[in-house]
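These notes concern the structure reproduced below.
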Amino acid sequence: MKVTIVGAGMVGSSIAYASMIKGVAREIALVDINRELAKGQAMDLSHGNAYVRPMRIHGGDYDVSSDSDVVVITAGRPQKGGESRLQLLKDNARIVKEAVAKSLSYSKEPVFIIVTNPVDVLTWVAWKASGLPRNRIVGSGTTLDTARLRQSIADHCQLDPRNVHAYVLGEHGDSEIVNWSHADIAGIPLTDFCRNCRRDCEADLFQKLFEETKNAAYKIIEKKGSTFYGIGLAVSKVLSTIFNNQHSVLTVSSVHPEFEGLKDVPFSVPTILGREGVERILKVGLSSAELKGLSNSAGIIANAIKNLRD
Ligand code: NAI
Numbered sequence: 004m005k006v007t008i009v010g011a012g013m014v015g016s017s018i019a020y021a022s023m024i025k026g027v028a029r030e031i032a033l034v035d036i037n038r039e040l041a042k043g044q045a046m047d048l049s050h051g052n053a054y055v056r057p058m059r060i061h062g063g064d065y066d067v068s069s070d071s072d073v074v075v076i077t078a079g080r081p082q083k084g085g086e087s088r089l090q091l092l093k094d095n096a097r098i099v100k101e102a103v104a105k106s107l108s109y110s111k112e113p114v115f116i117i118v119t120n121p122v123d124v125l126t127w128v129a130w131k132a133s134g135l136p137r138n139r140i141v142g143s144g145t146t147l148d149t150a151r152l153r154q155s156i157a158d159h160c161q162l163d164p165r166n167v168h169a170y171v172l173g174e175h176g177d178s179e180i181v182n183w184s185h186a187d188i189a190g191i192p193l194t195d196f197c198r199n200c201r202r203d204c205e206a207d208l209f210q211k212l213f214e215e216t217k218n219a220a221y222k223i224i225e226k227k228g229s230t231f232y233g234i235g236l237a238v239s240k241v242l243s244t245i246f247n248n249q250h251s252v253l254t255v256s257s258v259h260p261e262f263e264g265l266k267d268v269p270f271s272v273p274t275i276l277g278r279e280g281v282e283r284i285l286k287v288g289l290s291s292a293e294l295k296g297l298s299n300s301a302g303i304i305a306n307a308i309k310n311l312r313d
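Structural data, given as structure tokens:
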């Protein structure tokens with residue numbers, strides 16, 4: 004299986020690095036408007052081949068991407084400190100449209116994974132630009148936010164984050180929500196798990212954990228300029244799920260035909276992924292406040308799409 008990563012910057016190269024270490028894919032192509040950067044990243048990565056399952060790695064312009072099964076788009080400009088993800092929209096929409104069109108002239112019907120921010124709106128842009136069925140356009144969505152939330156809960160409760168079943172839903176951004184009402188550990192609702200724990204936790208613990216998750220990117224950007232390792236691992240998991248037809252449940256973003264009166268709106272909910280991309284979007288239990296929050300989040304994304312079209 005071959006993956007092309009358009010955008011060989013920090014996020015693109017981290018996805019390639021994580022995928023290489025995990026043995027995802029047989030061939031990786033890195034494409035960037037800065038061809039020398041793409042070539043340099045490919046050379047650097049290939050020098051690790053002796054220590055992993057070796058794979059073919061190329062860098063350059065779109066011709067290196069031919070016959071890809073999956074195309075990951077990370078091309079764009081990163082979020083600046085204090086800037087909301089939606090502010091990036093217009094510049095990155097143009098870049099994603101071009102990346103989709105050029106990729107399609109070298110690969111027939113790949114599955115696209117959109118990572119560039121604002122990822123939900125750009126998932127819609129990629130879907131429109133590609134003309135492909137909606138299952139083949141997958142946004143990285145809240146996969147990273149879900150991992151951040153699980154890490155925060157795990158740190159607090161002294162647990163393995165892989166045993167925490169809690170999901171961040173909606174926009175990958177400020178309006179995202181958590182489905183606390185259905186979060187559990189070993190089938191024990193998180194609220195019960197916390198009630199029976201001997202530690203003396205703050206009454207607003209869940210709100211604090213949520214704020215920590217939601218503001219993580221801003222904090223990291225403040226400290227080191229951008230975020231890339233977490234998303235690198237999250238997208239390598241999306242890739243392994245697709246390549247190995249694993250049917251894993253991940254909170255990716257996809258274009259929902261209809262949600263609470265909104266048509267063709269992209270956002271994240273737990274979704275089963277396999278070889279052809281989205282296999283099934285799961286209908287998770289939500290409290291009425293959570294449903295309201297999710298509708299609000301979907302509405303914000305729909306509005307951004309409307310602004311982009313106007
Ligand atoms: P970066 O600046 O390191 O890399 C972006 C790369 O895109 C650069 O190498 C640039 O030359 C390339 N590029 C720009 N225009 C292009 C074009 N027309 N064609 C091909 N390549 C082009 O930025 P970084 O840190 O890698 O971030 C990339 C994107 O990923 C940003 O939009 C950022 O906000 C997003 N991101 C998304 C996350 C998520 O959870 N969805 C998490 C972290 C970052």
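For what it's worth, our numbering labels the leading residue of the sequence shown as 4, then goes sequentially.
C-beta atoms are modelled at their ideal positions from N, C-alpha and C, and glycine is treated no differently.
A direct Cα-to-Cα measurement between residue 94 and residue 86 gives close to 14 Å.
Beyond the five residues adjoining it in sequence on each side, residue 299 comes within less than 7 Å, by CB distance, of 178 in the same chain, given in chain order.
Per DSSP, the unbroken beta strand (DSSP E) holding residue 252 starts and ends at 251–253. Of the other Cβ atoms in all chains shown, fewer than 16 fall within 10 Å of the Cβ of residue 204; this residue is therefore exposed. Annotated three-state conformation of residue 209 is helix, per DSSP.
For residue 289, the secondary structure class from DSSP, reduced to helix, strand or coil, is coil.
When 13, 304 and 23 are compared, the shortest CA-CA separation from residue 262 is found for 304. DSSP places residue 275 in the uninterrupted beta strand (DSSP E) bounded by 274–277.
Between residue 216 and residue 148, the gap from beta carbon to beta carbon is short of 8 Å.
Put simply, of 44, 265 and 90 the residue whose alpha carbon is nearest the alpha carbon of residue 301 is 265.
Scanning the segment 182–234 from its first residue to its last, the whole alpha helix (DSSP H) runs of 4-plus residues come out as 193–198, 208–217 and 219–227.
Around the Cβ of residue 194, a 10 Å sphere holds fewer than 16 other Cβ atoms; the residue is exposed.
Where residue 32 is concerned, there is no enclosing alpha helix (DSSP H), although the beta strand (DSSP E) around it starts and stops at 30–34. In chain order, the residues positioned with their C-beta nearer than 5 Å to some heavy atom of the ligand NAI are 10, 12, 13, 14, 35, 36, 37, 77, 78, 79, 81, 82, 98, 118, 119, 120, 122, 143, 147, 229, 230 and 234.
With a 10 Å radius around the Cβ and a threshold of 16 neighbouring Cβ atoms, residue 293 comes out buried. Pairwise C-beta distances place the segment 229–247 in contact with the segment 5–21, as three or more of them are shorter than 8 Å.
A contact between stretches requires three or more CB pairs, one per stretch, nearer than 8 Å, and the segment 12–32 meets this requirement with the segment 220–237. Of the residues assessed, residue 286 falls on the exposed side of the cut-off, its CB having fewer than 16 other CB atoms within 10 angstroms. Looking from the CA of residue 307, the closest CA among 284, 267, 277 and 279 belongs to 267.
By the CB criterion at 8 Å, residue 255 and residue 239 fall outside the cutoff.
In the three-state scheme derived from DSSP, where H, G and I count as helix and E and B as strand, residue 77 is classed as coil. Between residue 258 and residue 137, the alpha-carbon positions lie close to 6 Å from each other. Under the three-state reduction of DSSP, residue 106 is assigned to helix. The three-state secondary structure of residue 7, taken from DSSP, is strand.
When secondary structure is reduced to three states using DSSP, residue 267 falls in the strand class.
With a cut-off of 8 Å on Cβ pairs, the segment 18–35 is not in contact with the segment 120–133, counting fewer than three such pairs.
Judged by beta-carbon spacing, residue 74 lies within the 8 Å limit of residue 115, meaning their Cβ atoms are closer than that value.
Close CB contacts of residue 25 within its chain, under the 8 Å cut and outside five residues either way in sequence, are with 239 and 243 (chain order). With a minimum length of 3 residues, the unbroken runs of beta strand (DSSP E) contained wholly in the segment 16–72 fall at 30–34 and 59–63.
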